[in-house]
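See structure below.
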Amino acid sequence: MSGSAGREPDIADLASESVIIFDTAGVIRYWNPASEALYGWPAMSMIGRGIDHLSDRTVDEGEHWRLLLQEGNWQGPASRRTPSGSQLAVDIRQYVRFNADGTARDVVEYGRRAQGTEQHGGGDWQIPDRLMAASWEMDVSGALPLIPALLEEKAAASPDPARLTTLGLEFVQAMRVLNVNERAARLVGGNRGPELMIGQSVAVFWPIEARAPLAELVIEAVTANDPGTTHRRQLPSDGILRDPVMSVWLPPDRETPDRVFVAANGTADDDRSYLYLRASEARYRKLVQFMPMAMWQVDASHMGKIYADIRGQGVEDFDAYLTEHPELIDFAGTSVSVTNVNRSAVQLFGAESPHDLMRHVDYLFTATPSALRKVMIGRFNGQQNWTDLIKVHTLDGRTLDVQFSVTYPKPPAELDVTIFGMIDVTERIQMETELRQLQADYTHAARISMLGELTTSIAHEVNQPLAAIVTNAETSLRWLSRDEPNVEKVKELTARIAASARRANEIVQRIRNMAAKREPERVALDLDEVAQEALLFVRDEVEVRAIRIATDFAKDLPKAMGDRVQLQQVLVNLLVNSAQALEVQNQGEREIRLATSRDADGRIVLTLRDTGPGMAEDHIDRVFEGFFTTKDNGMGIGLAICQSIIAEHGGSISASNHPDGGAQFRFAIPAHATDA
Amino acid sequence: MPRIPLVAVVDDDEAVRQALCDLLMVTGLACRTFESAPAFLGDAAARDCDCLITDVRMPGMSGIDLLERLRGDSSDLPAIVLTSVVDEHLRMRADALGALAWLPKPVTDDVLLGHLKSALEGGGLVWPDDPGT
Chain A
0 MSGSAGREPD IADLASESVI IFDTAGVIRY WNPASEALYG WPAMSMIGRG IDHLSDRTVD
60 EGEHWRLLLQ EGNWQGPASR RTPSGSQLAV DIRQYVRFNA DGTARDVVEY GRRAQGTEQH
120 GGGDWQIPDR LMAASWEMDV SGALPLIPAL LEEKAAASPD PARLTTLGLE FVQAMRVLNV
180 NERAARLVGG NRGPELMIGQ SVAVFWPIEA RAPLAELVIE AVTANDPGTT HRRQLPSDGI
240 LRDPVMSVWL PPDRETPDRV FVAANGTADD DRSYLYLRAS EARYRKLVQF MPMAMWQVDA
300 SHMGKIYADI RGQGVEDFDA YLTEHPELID FAGTSVSVTN VNRSAVQLFG AESPHDLMRH
360 VDYLFTATPS ALRKVMIGRF NGQQNWTDLI KVHTLDGRTL DVQFSVTYPK PPAELDVTIF
420 GMIDVTERIQ METELRQLQA DYTHAARISM LGELTTSIAH EVNQPLAAIV TNAETSLRWL
480 SRDEPNVEKV KELTARIAAS ARRANEIVQR IRNMAAKREP ERVALDLDEV AQEALLFVRD
540 EVEVRAIRIA TDFAKDLPKA MGDRVQLQQV LVNLLVNSAQ ALEVQNQGER EIRLATSRDA
600 DGRIVLTLRD TGPGMAEDHI DRVFEGFFTT KDNGMGIGLA ICQSIIAEHG GSISASNHPD
660 GGAQFRFAIP AHATDA
Chain B
0 MPRIPLVAVV DDDEAVRQAL CDLLMVTGLA CRTFESAPAF LGDAAARDCD CLITDVRMPG
60 MSGIDLLERL RGDSSDLPAI VLTSVVDEHL RMRADALGAL AWLPKPVTDD VLLGHLKSAL
120 EGGGLVWPDD PGT
């Protein structure tokens with residue numbers, strides 16, 4: 000920071016505009032050549048002098064300086080003394096530069112000769128921007144019809160203060176901003192700037208406590224209809240200005256008083272905190288502005304009051320209330336407005352500028368209308384925040400999936416500001432969908448490939464009954480074509496044909512179930528039965544290799560919860576795996592032992608052990624990895640699929656070498672709830 | 000009266016064995032069935048067979064291994080392979096071992112009996128007349 004401070008004056012030497020740097024006490028520290036040209040004072044005579052050397056209005060200047068240091072910047076016309084003693088009209092812009100700790104470091108002033116006398120707005124825009132008044136021009140035409148009711152209530156024998164307050168608030172709500180000066184924008188406009196305040200309801204900006212006095216004063220001025228006369232009132236401090244004085248007057252020459260000027264004078268409340276607030280606020284704004292999360296600042300303050308009323312009516316179930324009063328949701332969508340958005344929001348919504356997004360919030364909920372209702376319910380129920388995955392339509396016609404979050408104002412907060420945040424998760428969701436698809440495809444491919452490995456057995460298995468059927472049918476025909484048909488023999492053959500056909504059908508059914516790509520089912524099933532069916536499937540593989548199957552099924556085993564076909568796949572995989580391992584086993588017994596049991600957690604356990612060579616110790620941890628294989632012709636996906644299927648069942652699978660030799664696989668899955 | 004030719008059927012599937020046996024018998028041939036290759040090799044009566052019909056994929060010992068054993072024992076028993084295995088390598092081995100035919104399952108009776116007839120007649124045996132006609 001200090002390095003750049005040294006360079007700036009050098010650059011300013013070349014500036015065509017007057018650049019002056021003051022220290023915080025108003026002593027000139029730098030004076031560029033353009034300043035010499037503008038004011039006539041040479042730099043050497045100015046460095047070290049106070050600002051009072053340039054200005055005759057020393058009293059005003061002192062007050063101005065104090066406010067400048069508080070508020071950080073100022074711009075406007077000024078009068079400066081030249082060496083000849085004459086006054087020079089200049090337009091100046093002053094900026095306070097702050098240290099990291101929030102204290103003022105110095106003041107940079109840019110100045111140029113005033114371009115004309117009619118600088119600040121034409122026509123009726125004649126608010127004297129004297130010493131930092133926050134000035135407003137307001138359109139009151141919409142509020143005028145409310146005046147009779149207000150006056151009537153006031154004139155009543157015993158005015159109802161609550162009704163007066165309500166009418167006052169409605170009055171301010173109905174007034175529109177026509178123009179504001181920089182200071183008003185700075186004090187209450189957030190970082191919207193005057194352009195964005197124009198056209199909005201005055202109530203959006205006016206502090207709640209000061210709305211009723213504003214209404215009263217405006218009504219007083221409008222009713223008196225005396226252009227030129229200023230109506231003044233001292234207001235209590237409102238957290239923004241200390242002991243402000245509010246002035247209201249009418250523009251001249253209007254038949255109906257449809258516009259008023261309002262000025263609020265006062266120093267910023269609590270200058271110390273204001274200073275720190277400024278610094279921290281600037282940091283906060285910068286932070287928000289550049290936050291990677293899209294953010295909306297939303298003013299739903301009027302809804303808070305509506306909710307309080309509804310709660311006052313004894314409503315507790317707001318959800319039910321909204322079902323009866325859907326119009327309230329529409330009302331919120333078309334009355335709650337966005338008061339600020341950050342750069343990410345502009346990007347996310349494909350907007351040209353922040354202004355495109357600063358309107359009523361309903362555009363945020365066109366793709367997921369139910370979300371607005373939930374946002375409202377969250378606030379009604381006093382939640383601090385609410386978040387959900389919703390879809391939004393952007394301005395440039397895209398539909399996005401976003402993680403939408405709402406941070407509600409805390410109840411005794413001075414500022415009634417709700418923050419909406421959105422994080423684009425479209426890609427993530429797309430990726431997840433694709434991943435799921437990929438996983439499904441992978442599982443499917445694995446099934447098919449496993450089927451491929453089993454194709455020979457399948458063809459063999461299906462062809463056996465078919466061969467029997469064909470031969471039996473032809474034999475029947477031969478018996479029938481004899482001179483004396485042997486009906487008994489034909490009956491017998493036909494019964495065999497039917498039996499073989501049923502067998503073929505069962506096999507086809509099993510294969511179809513296995514190959515079918517479908518959503519897994521969760522049903523109560525008997526794991527022993529599943530194991531028996533799986534054994535049927537691999538009977539051929541096992542028999543060809545002369546492998547003995549020993550089963551030890553637990554008695555009264557509770558039902559397991561799972562998908563029959565998937566669990567069969569696991570078992571078939573494990574069985575084929577063991578059968579292949581046993582193939583290389585030339586000595587000793589070739590045996591696969593299947594056992595079922597329950598573990599301590601009540602889960603159903605299946606253990607499969609073979610008498611093969613077992614697994615290499617350093618392979619055991621990797622056997623369930625996809626594409627891990629020690630076989631030349633294996634894909635290495637069988638066990639990976641087993642693991643993913645068992646995991647999907649909420650179970651676990653493990654591999655080990657049995658102490659007595661051979662590999663052992665064990666999986667456990669949850670029991671069916673009612674059997675547990 | 001000429002001798003009735005005896006055909007051996009080796010297949011691990013009972014339904015297939017039964018069906019083949021019935022077909023051979025209705026044709027007027029005699030038939031013996033074996034549920035595995037070792038069962039065939041271990042049966043003395045098998046030596047009286049005039050022709051062998053064997054499956055390939057069977058537990059314990061395959062039909063090809065059976066043929067190999069027979070040829071190793073200098074048997075020139077005519078053999079027909081009846082299988083659902085599609086394996087060129089195995090088929091070539093069967094050819095080399097002198098199998099007369101490699102027939103895919105399921106097989107029609109005319110095809111099977113046609114091959115059987117030429118196998119038996121090649122061995123000088125008399126094909127029985129159709130008993131019913």
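Chain order of the listed sequences is A and B.
Heads up: the first sequence runs through residues 0 to 675, numbered per numbering that gives the first Met the number 0.
Heads up: the second sequence runs through residues 0 to 132, numbered per numbering that gives the first Met the number 0.
Idealized CB from N, CA, C, for every residue including glycine.
Check your understanding: If we ignore side chains and look at the alpha-carbon of each, how far apart do Asp-242 of chain A and Leu-234 of chain A end up?
Key -> 6 Å
Check your understanding: With 8 Å set as the bound, which would you pick, yes or no: does the beta-carbon of Val-469 of chain A sit closer than that to a beta-carbon of chain B?
Key -> yes
**Study point:** Short Cβ contact (8 Å threshold) for Val-247 of chain A with Val-217 of chain A
**Key:** yes
Review point. From Ala-95 of chain B to Phe-33 of chain B, what distance separates their C-alpha atoms?
Key: 24 Å
**Study point:** Closest by C-alpha distance to Ile-418 of chain A, when choosing among A:Arg-427, A:Ile-428, A:Val-424 and A:Thr-406
**Key:** A:Thr-406
**Study point:** For Val-201 of chain A and Pro-127 of chain A, the rounded distance between their alpha carbons
**Key:** With a pLDDT of only 34 at Pro-127 of chain A, under the threshold of 50, the placement of this residue in the model should not be trusted; the figure read from the coordinates follows. So the alpha carbons of these two residues sit roughly 20 Å apart.
Exercise for review: Under 7 Å between beta-carbons, which chain B residues line up against Ser-499 of chain A? List them in chain order, please.
Suggested key: Ala-14
Exercise for review: With a cut-off of 8 Å on the beta carbons, I'd call Ser-82 of chain B and Val-469 of chain A a contact; round off their distance for me.
Suggested key: The residue asked about is misnamed: residue 82 of chain B is Thr in this sequence, not Ser. About 14 Å; that fails the 8 Å criterion.
Practice item. Scan the region 76–93 of chain B for residues whose Cβ lies nearer than 9 Å to a Cβ of chain A and list them as they occur along the chain. Key: Leu-81, Thr-82, Ser-83, Val-84, Val-85 and Asp-86
Review point. Cβ atoms of Leu-28 of chain B and Pro-4 of chain B: under 8 Å apart, would you say?
Key: yes
**Study point:** Straight-line gap, Val-80 of chain B to Glu-120 of chain B (C-alpha atoms, nearest Å)
**Key:** 18 Å
**Study point:** Spatial distance of Ala-214 of chain A from Thr-164 of chain A (CA atoms)
**Key:** 10 Å
Point to revise | Collapsed DSSP secondary structure at Lys-390 of chain A in the structure displayed | key: strand
Practice item. Please determine, among B:Gly-41, B:Arg-90, B:Asp-12 and B:Met-91, the residue with the shortest C-alpha to C-alpha distance to Arg-68 of chain B. Key: B:Gly-41
Practice item. Please list the partners that Lys-104 of chain B has in chain A, where partner means a Cβ-to-Cβ separation under 8 Å. Key: Asn-462, Gln-463, Leu-465 and Ala-466
Check your understanding: Should Ile-496 of chain A and Ala-472 of chain A be called a contact, given that it needs their Cβ atoms to be closer than 8 Å?
Key -> yes
Exercise for review: Run through the region 155–206 of chain A for me and flag every whole beta strand (DSSP E) of 3 or more residues, listed as ranges in chain order.
Suggested key: 175–179
Point to revise | Reference Ile-328 of chain A, options A:Leu-371, A:Ala-350, A:Val-529 and A:Ile-305, closest by Cα | key: A:Leu-371
Point to revise | Segment limits, alpha helix (DSSP H) that includes His-88 of chain B | key: 87–95
Review point. Is there a Cβ from chain A that is less than 8 Å from the Cβ of Gly-62 of chain B?
Key: no
Check your understanding: Which chain A residues sit within Cβ distance under 7 Å of Pro-4 of chain B?
Key -> Going along chain A, no residue has its Cβ under 7 Å from Pro-4 of chain B, so there is no contact; the nearest lies around 17 Å.
Check your understanding: Of the choices A:Asn-72, A:Pro-160, A:Arg-104 and A:Gly-84, whose alpha-carbon is the least far from that of Arg-92 of chain A?
Key -> A:Asn-72
Point to revise | Cβ shell of Leu-102 of chain B (< 8 Å), same chain only, five flanking positions each side left out | key: Ile-79, Val-80, Leu-81, Thr-82, Val-110, Leu-111 and His-114
Exercise for review: Would you please verify whether the beta carbon of Ala-18 of chain B is less than 8 Å from any beta carbon of chain A?
Suggested key: yes
Check your understanding: Under the rule that 16 or more other beta-carbon atoms within 10 Å means buried, what is Arg-258 of chain A, buried or exposed?
Key -> buried
Review point. At least one CB of chain A closer than 8 Å to the CB of Asp-108 of chain B: is that the case?
Key: yes
Check your understanding: How big is the Cα-Cα spacing for Gly-660 of chain A and Arg-31 of chain B?
Key -> 43 Å
Check your understanding: Under a three-way DSSP split, which group does Glu-108 of chain A fall into?
Key -> strand
Check your understanding: Based on Cα-Cα distance, which residue from A:Leu-186, A:Gln-463, A:Ala-223 and A:Val-203 lies nearest to Ala-262 of chain A?
Key -> A:Leu-186
Exercise for review: Output the distance between the C-alpha atoms of Tyr-362 of chain A and Gln-402 of chain A, rounded to the nearest integer angstrom.
Suggested key: 16 Å
Point to revise | Cutoff 8 Å; reference Ala-500 of chain A; Cβ partners in own chain excluding five residues on either side | key: Pro-464 and Ile-468
Review point. At a CB-CB cut-off below 7 Å, which residues of chain A make contact with Val-25 of chain B?
Key: Thr-474, Arg-477 and Trp-478
Review point. Is it true that the CB of Ile-668 of chain A sits closer than 8 Å to the CB of Ile-645 of chain A?
Key: yes
Exercise for review: Give a yes or no on whether the minimum CB-CB distance between Leu-581 of chain A and chain B is below 8 Å.
Suggested key: no
Practice item. Look at the Cβ atom of Met-57 of chain B, then the Cβ atom of Ala-36 of chain B, and state whether they are nearer than 8 Å. Key: yes
Check your understanding: Curious, which full-length beta strand (DSSP E) runs of at least 3 residues does the region 307–380 of chain A contain?
Key -> 336–340
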